[in-house]
Every structure is written in structure tokens, then in C-alpha cells.
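> Here it is, the structure in full.
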Amino acid sequence: MTHSNTHALVIEIDAAQTFDALNLVAVDTFELPVELIETTAISIRLQAIEIKTVGFQFPRAGGGIKVFRGAEPTACEPQNSTPRVASPITIAATSEPVQLARQRWKKGKITRIKPPADVVKLEDRLFYLLQPPLELLVGSEQLSFPFEPFPYQLDGIAFLFPRYAAVLADEMGLGKTMQAISAIRLLLCSGEVRSVLLICPKPLVTNWLREFSVWAPEIPVAAIEGNSPTRQWQWTSPDIAVKIANYELLMRDRDAVLDHDQHFDLVVLDEAQRIKNKKNATSGVVREISRTRSWALTGTPVENSPDDLVGIFEFLSPGFLNSDMPVASIARATRDHMLRRTKDMVLEDMPPKLYRDADLDLTPEQRATYEKAETEGVVQLENLDQQLTIQHVFELVLRLKQICNFDPATGSSAKLERLVADMEEVAASGQKAIVFSQWVNSIDQMRPALERFGPLEYHGRVPHKQRDGVIAEFKSNPSKHVILMSYGAGSVGLNLQFCRYVFLFDRWWNPAIEDQAINRAHRIGVAGSVTVTRMLMANTIEQRIAAVLDQKREMFDELFSEAKLPGSASLNREEIFGLFKLRSPKGRIAG
Amino acid sequence: MSRSPETELCIGFYTVDQSEFTGWTGGLLILTANGRPLEFQCTLPVRPTRAHEILYGPTLRDYLIGDAIGSLLVKRCRNTPAFICCNQPEALQLEAISDAPLALVSEAAEADEGPITDDVLPGYDLCEIAGSTLRVAVEQIAAVRHTATMLTNMPDMLEPFERIREAINEAQKQIARAKAA
């Protein structure tokens with residue numbers, strides 16, 4: 248409060264409007280009980296991570312045949328073997344084939360040996376899976392090639408290698424021989440097999456020997472041949488890793504090959520369709536050979552009906568197939584055991600095969616003879632009535648087909664005229680041609696008109712010893728423009744890819760045989776397109792047979808695409824009678 | 169790893185495959201100088217628990233590849249490889265327990281790890297085999313280079329890892345089939 252003489256300011260505190268802070272909260276002390284925090288240690292036990300292992304040991308590659316690298320034996324250890332041929336094989340990680348293989352590998356193309364479905368044991372499956380891809384083996388001593396293989400050929404080798412029962416059914420010309428030899432070579436080098444028996448038709452023995460010298464020069468291989476004591480020695484010799492025998496010889500040497508001491512780690516049948524008939528004697532002997540692995544090579548696993556395949560599997564795995572199985576079941580069952588590729592499937596850049604159907608008219612002489620023969624023939628057949636057999640019909644078919652080739656009385660031939668005209672063009676362009684006929688007699692008849700084209704012959708009347716010489720001359724002699732072949736002798740195993748023209752002077756009963764014949768020329772190494780001229784006489788038995796052949800071809804295609812087989816696919820009894828709309832002993836047959 | 173009666177040259181390839189569904193599976197493949205299989209050791213799938221994942225944290229991968237799985241496979245192996253190739257840097261830790269030198273195949277590792285340089289792996293030197301670059305501890309490089317001179321027919325140093333993965337897949341398929349049966 249302030250006082251002044253002149254002014255006085257009076258300030259008073261209104262007690263009603265003011266408060267004392269000390270009076271707001273009662274000042275005192277309080278006690279709060281605080282409970283103690285109890286601490287507990289919890290132990291979390293970290294268990295050791297449980298690890299279980301499994302291990303597999305594999306046999307060290309070796310124990311097989313001796314492989315030479317330069318002058319020294321390498322990875323494949325010698326085991327009492329004395330290679331007949333010891334060609335040096337150069338190996339270097341920087342070699343061209345190895346580099347090529349690595350390039351393929353880096354591009355992602357790998358061919359692994361996959362275990363077959365029937366290999367169940369994990370150890371066995373891993374043994375195959377853990378093998379190096381074939382692309383990386385190329386150039387090594389176990390898989391050196393004189394030529395770079397096609398990828399599908401490596402697939403074929405990878406298919407055969409792990410299999411105990413296998414059919415390699417590639418179309419003719421894709422190199423089944425090379426694939427089989429390379430797979431055999433791998434098995435021998437890895438010690439998986441030590442003794443191999445290869446059985447093939449007699450004319451192909453020299454071809455196999457030659458192919459072995461190209462694709463597996465270090466493998467001791469020999470053909471079983473010579474007199475009986477020599478053959479006996481060969482059969483028992485452990486020094487020959489690969490023995491090559493022909494089917495005919497097998498019958499003669501039956502006792503030796505079926506001897507209880509004789510066992511082969513692998514038996515390979517070339518042209519395995521030879522054993523499609525389960526009942527023939529050769530099939531019986533082949534099936535009895537003591538063996539561990541069985542492979543069949545054939546370009547025509549089915550010629551007439553799925554039964555053919557059943558016959559081949561009787562060798563591979565008896566009882567695996569039976570004749571009562573539906574086609575779809577057969578296709579399913581054989582899927583893991585059979586590999587079939589066609590040129591269209593694997594060789595996209597292979598020159599094409601051009602078919603040219605030469606539908607010709609009979610010459611007047613041929614027509615007259617033909618019509619007379621058919622009319623009289625049919626009457627004779629009908630007169631046979633209940634005695635009529637399929638053999639009688641066959642005889643008439645053959646007689647008519649021969650007239651379609653040549654008129655027996657005059658030698659007139661529309662086919663020969665056409666052939667000569669076409670050959671002018673073939674020879675003028677410096678090319679070569681193969682002419683196939685069912686009959687050697689027809690070949691005899693066509694030869695004079697073809698003399699200026701330097702014809703060579705290769706058929707049943709040409710001795711086996713001369714056949715290789717014929718092929719060599721045809722290949723090397725530029726004046727030899729045509730070779731005349733019978734289907735029987737010339738349709739398998741020959742490499743004539745230098746020929747650009749094939750003439751089917753007459754048609755075989757079976758399209759598969761025709762394909763084999765055509766593929767003598769249309770195979771790997773062919774320089775350009777191959778033109779196939781199928782000669783067919785219009786309005787004759789040939790045209791009627793051709794229609795049946797087309798049906799059979801459809802059946803073959805459908806079997807391998809797992810489609811249903813048409814019931815009338817094969818040339819059965821009814822169809823043969825039907826060629827002449829004949830009344831068979833059991834009633835009329837629809838034509 | 170016990171000494172094998174086999175004295176011929178062989179080399180090892182080691183990798184661990186990790187899958188969200190199956191876990192960690194290790195494989196050790198022993199090959200001859202030609203690239204042929206001699207021996208294969210593999211683990212059944214290893215599944216760390218949640219506790220392992222938490223407590224090992226980011227070191228779990230190191231531990232599994234470079235210790236737990238690798239050391240067991242190396243011990244089980246009956247052949248004695250001249251060296252062991254790996255495609256995961258973590259596996260180089262196996263040097264501590266392995267008689268055989270470890271070699272990282274750079275090209276095989278780079279797919280997952282990015283470029284492998286001297287800075288990434290100090291103390292390692294280079295050796296070329298079959299067109300691939302191997303990184304080996306400087307103390308071991310002389311021995312590996314000497315062995316390399318004997319591996320002229322070794323086809324490839326990357327591809328065997330693929331074989332191990334294929335084999336692991338096959339083994340796991342069999343296990344799955346067995347369980348389903």
C-alpha cells in the first residue's frame with residue numbers, strides 16, 4: 248500500500264476473489280507399498296540341427312577294354328584284352344570337339360543319361376544321373392567321333408546306355424549303327440559290359456566291321472567266320488570284346504552259342520524284324536542265348552501288325568507283351584523301351600524326299616496279255632471253288648505284276664520306256680540312281696536298254712564276296728549311273744546317299760520294305776533332295792495293291808502315335824481274295 | 169574324411185540346395201579326372217527350427233553351408249579328393265576341417281553372388297581349369313595348380329553342380345514316393 252501527499256492509491260485485496268496456493272493441496276506425506284518384481288530365468292535349449300546323410304559308391308570307370316591315347320593306355324584299364332586296332336586318339340581340353348561340345352553345353356543343350364523307368368534302386372538311378380552329359384564327353388577318349396554327331400544321335404546313345412531291354416527303331420538313314428556302336432563303346436569303357444554279341448544279316452557283317460573301325464576303332468571286334476574250329480575258337484575267345492555273327496551262322500553254331508559256359512553281357516540284334524515271327528528257328532535260338540542286356544535295332548519294328556512287335560519283345564523281355572493286348576496298351580507298355588524318330592522329326596534341315604508317282608498305261612502288247620491273263624486267271628480261280636487257296640491267288644497276282652513290268656511275249660514295257668527316259672536326265676546331270684525290283688528276271692530284262700548308263704547289279708545272284716566291290720565301283724566310277732537292285736538284297740544296311748534318284752520299278756507288298764529301300768539313298772550325308780519315282784500301271788492289280796499298301800502305312804503311323812489301329816490295316820486273307828472280288832471258300836468277299 | 173585305398177586322382181564338388189518346401193540339402197560329388205562319378209554323399213533335407221532361424225539370424229546360412237552340412241559330408245566321404253570345388257563362398261570355411269583344399273568356382277558362384285573379385289575374397293589366388301576360374305587360398309594354390317595340370321580331360325567345372333542338383337531332386341522324389349506309399 249502506497250501513500251502520497253497529493254494522491255492516495257488505495258489497493259486492497261479482495262479476499263473473496265483470491266486464494267492462497269498453499270491452501271489448495273493439503274501438505275502431507277503418504278506411503279505407498281511397492282511389491283518386489285520377481286525375475287525368473289527361462290532356459291531355451293537350442294538343439295543341434297539334426298543332419299542325416301546317405302552315400303553311394305560307384306565303380307571306377309575301367310575294367311573294360313583298353314583305350315589308347317597316343318601310345319599310352321588311359322582311363323579304361325586293360326583286362327586281359329588285346330585290341331586288334333589301337334588307333335591313337337588325341338585328347339585335349341582345348342581340342343575342337345571339346346570346345347564345340349562346351350559351346351553346346353553353354354547354349355543349354357545337354358543330353359543326360361536318364362535312368363529307365365524300370366530301374367528302381369536309388370543307387371542305380373543316381374549312377375546314370377550323375378554321368379556327365381554326352382556333350383561334354385564328346386572329344387574325350389570315351390566318345391570321340393570322326394564327325395560331329397547330331398543331337399538326336401546323342402539322345403539315342405543316352406537312351407541305349409542304361410537300358411537292359413531296348414528297341415532303337417529309328418527310321419532308316421538316321422544312324423542306328425553309329426548310335427549302337429557308340430553306346431556299346433561307352434558300356435565297354437565304363438566296365439558295364441565286357442562281352443557283346445552283335446547279330447545281323449550276313450550281307451551286313453562287313454558293313455558293321457567297317458562302321459566299328461570308324462566309330463570305335465579301339466574296340467576289339469571280329470566277325471565269327473571261317474571253318475568250324477576257327478569259329479569255335481572265336482566263340483570262346485575272351486579277347487574279342489564284340490563278336491559279330493550273322494543270323495544264318497547262328498543256326499549252324501547253335502551248340503557253341505548256347506553252350507552253358509557262354510554268356511554275353513549284351514546281345515544286339517540288327518534288323519531285328521528277322522525275329523518277329525516267334526515260331527521260326529532263328530527266333531528260338533536268339534531267345535535262348537544267355538545274356539544280361541538285349542537290344543534290338545530295326546527301322547521297321549512293325550511291318551504287318553502289332554504282333555511283329557510282340558515277337559521282338561519276346562527276345563527283349565519274354566512275356567512283356569502278348570498278342571491279345573490292344574494297340575494302345577502295347578504303345579503304352581513299350582514307351583520306355585522303344586525309341587523311334589523319323590527324319591521329319593529330327594532332321595529339319597535334311598533335304599526333302601520327293602515322291603513322284605508315275606501312273607503309266609500298259610503298252611498295247613502288255614494290255615492285251617494282261618487282260619487275257621486276268622480274265623482266264625479269275626475264271627480258273629473261281630473254278631477251283633472249295634480247293635481255292637491263298638496260294639492260288641498269289642500266283643495270279645505275281646503273274647499279273649510281271650506282265651505289268653514286261654510283256655512276256657514281246658518284252659514290251661511302258662515302265663522301261665519311262666525309266667530309260669528318266670535315266671537320260673539323271674546321267675546327263677551327272678547323278679546316280681537306284682532301281683529296285685522284286686524280280687531278278689525283270690532286272691535281267693531291263694539291263695540291255697540301260698547299258699549306256701553303265702548299269703551295275705546287286706541282288707541275290709551276285710555272290711556276297713563281290714557285293715562290296717559292286718558298291719565301291721558304283722560310288723567311285725563316274726560312268727556308272729545306275730545300280731539295279733532287288734528289294735531282298737539291297738533294301739537294308741547299304742549307304743548310298745550319293746544317289747539322288749530312286750526308282751521303284753514295281754511295288755513290294757509292304758511299305759516298310761519300300762521305305763528301307765528308299766532310305767538307302769535318303770540318309771544322313773545326302774547332298775540334296777532325293778526323288779523317288781514309284782511306277783504304277785493304271786487300271787491293274789498294281790493300283791489295287793497300292794491302295795492296300797496305303798492303308799498299311801496308316802496303320803504303322805497310328806501305332807506309333809498311340810491311336811487306334813483300324814481293324815483292316817494289314818493285308819489279310821480277305822483283302823488278298825478281295826483283289827479279284829473273288830468268292831472265297833467261305834463266301835463272297837467284298838472287293 | 170578317411171583315406172581311400174584308391175590313389176587315382178579325383179576331385180570333389182560341393183553345393184547346398186535350399187528350398188522353401190524341403191529345406192537345405194547338401195551334396196558332395198566325387199569325380200574322376202574324366203568327370204565320371206565315383207561317389208556321391210548327400211544329406212536328407214535339413215530343416216532348421218524357428219528358434220535356429222532367430223538365434224542364428226543372418227549367420228544361419230554360413231553355419232549350414234560352411235559348417236554343419238559341409239563338415240559332415242566331407243567326413244563321410246570315402247575317397248580323398250585332390251581338392252573340393254564349391255559354388256557358394258560360405259563353403260570355403262570348410263578349409264578348417266578338410267584335408268583337401270577348397271576352391272570356389274567363380275563362374276558358378278557369380279550367378280547368385282555377383283562378381284567375385286579380389287576385394288570380395290582377399291587372400292585367394294586364381295587357377296584356371298577347363299575354362300573356369302577357381303579361387304583358392306594362397307596357401308593352397310600351388311597344390312591346386314599342380315593338380316590342374318593333370319586335369320586336361322576334365323570336361324567342365326560348372327556342370328557337376330547341376331548333376332548334384334539333379335541327384336538331390338531324384339533322391340527327394342524317391343523319399344516322397346516312399347512316404348506316400
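In order, the protein sequences belong to chains A and B. The numbering used here numbers the first residue of the first sequence as 248 and each following residue consecutively. The numbering used here numbers the first residue of the second sequence as 169 and each following residue consecutively. Cβ atoms here follow ideal geometry from the backbone N, Cα and C, with glycine treated the same way. Nothing here was measured: the structure is a model prediction, and the numbers come from that model.
Using a Cβ-Cβ distance cut-off of 9 Å, determine whether residue 426(A) contacts chain B.
no
> With DSSP run on the structure shown, which of helix, strand or coil describes residue 730(A)?
Strand at residue 730(A).
> In chain B, what lies closer than 9 Å to residue 379(A) by C-beta?
Correct list: 199, 202, 203, 204, 205, 323, 324, 327, 328 and 331.
> Assuming residue 155(B) and residue 383(A) are in contact, meaning their beta carbons sit under 8 Å apart, how far apart are those beta carbons, in whole angstroms?
With chain B covering 169 to 349 only, the question about residue 155(B) has no answer from this structure.
> Which residues mark the beginning and the end of the beta strand (DSSP E) in which residue 600(A) is found?
600 to 607
> Mind pulling the chain B residues with CB within less than 7 Å of residue 299(A)?
211 and 212
> Quick one: what does DSSP say residue 186(B) is sitting in, helix, strand or coil?
strand
> Against chain A, which members of the stretch 254 to 271 of chain B pass a CB distance test of less than 9 Å?
none
> Name the chain A residues whose beta carbon is nearer than 7 Å to that of residue 237(B)?
298
> Would you report the Cα separation of residue 287(A) and residue 222(B), rounded to the nearest angstrom?
22 Å
> Taking the alpha-carbon positions, what's the residue 328(B) to residue 273(B) distance?
11 Å
> Using beta-carbon positions only, say whether residue 492(A) and residue 446(A) come within less than 9 Å of one another.
yes
> For residue 298(A), which of 204(B), 306(B), 250(B) and 191(B) has the nearest alpha-carbon?
Nearest to residue 298(A) by alpha-carbon distance, out of 204(B), 306(B), 250(B) and 191(B), is 191(B).
> May I ask you to check if the CB of residue 475(A) is nearer than 8 Å to at least one heavy atom of the ligand HEM?
Judged by which ligands are present, the structure shown has none, so any question about the ligand HEM falls away.
> On a Cα-Cα basis, can you pick out the residue from 743(A), 668(A), 471(A) and 677(A) that is closest to residue 705(A)?
743(A)
> Taking 9 Å as the threshold (beta carbon to beta carbon), is residue 216(B) in contact with chain A?
yes
> Please classify residue 746(A): does DSSP put it in a helix, a strand, or coil?
coil
> Would you be able to state if there are at least three C-beta pairs under 8 Å between the stretch 467 to 477 of chain A and the stretch 537 to 547 of chain A?
no
> Report, in whole angstroms, the separation of the C-beta atoms of residue 754(A) and residue 792(A), which I expect to be a contact under 8 Å.
Contact between residue 754(A) and residue 792(A) holds, with the beta-carbon distance rounding to 6 Å and staying under 8 Å.
> Across which residues does DSSP place residue 300(B) in a beta bridge pair?
297(B)
> Indicate whether residue 312(B) and residue 271(B) have their beta-carbon atoms separated by less than 9 Å.
yes
> I'd like to know whether the C-beta of residue 229(B) is nearer than 9 Å to at least one C-beta of chain A.
no
> Alpha carbon to alpha carbon, what distance is there between residue 290(A) and residue 267(A)?
Straight-line Cα distance between these residues: approximately 59 Å.
> Could one say the Cβ of residue 173(B) lies closer than 9 Å to chain A's Cβ atoms, at least one of them?
Reliability of the predicted coordinates at residue 173(B) is poor, the pLDDT of 40 falling under 50, and the value obtained from them is presented with this limitation in mind. No, its Cβ sits nowhere closer than 9 Å to a Cβ of chain A.
> How many angstroms separate the CA atom of residue 348(B) from the CA atom of residue 367(A)?
16 Å
> Compare the Cα-Cα distances from residue 404(A) to each of 794(A), 448(A) and 586(A) and report the closest residue.
For the residues 794(A), 448(A) and 586(A), the minimum Cα distance to residue 404(A) belongs to 586(A).
> Compare the C-beta of residue 408(A) with all C-beta atoms of chain B and state if any pair is closer than 9 Å.
no
> Need the endpoints of the alpha helix (DSSP H) that residue 482(A) sits in, please.
475 to 483
> How would you label residue 756(A), buried or exposed, when you count the other beta carbons within 10 angstroms and need 16 or more for buried?
Residue 756(A) comes out buried.
> Return the residue from the list 601(A), 593(A) and 646(A) that minimises the CA-CA distance to residue 616(A).
646(A)
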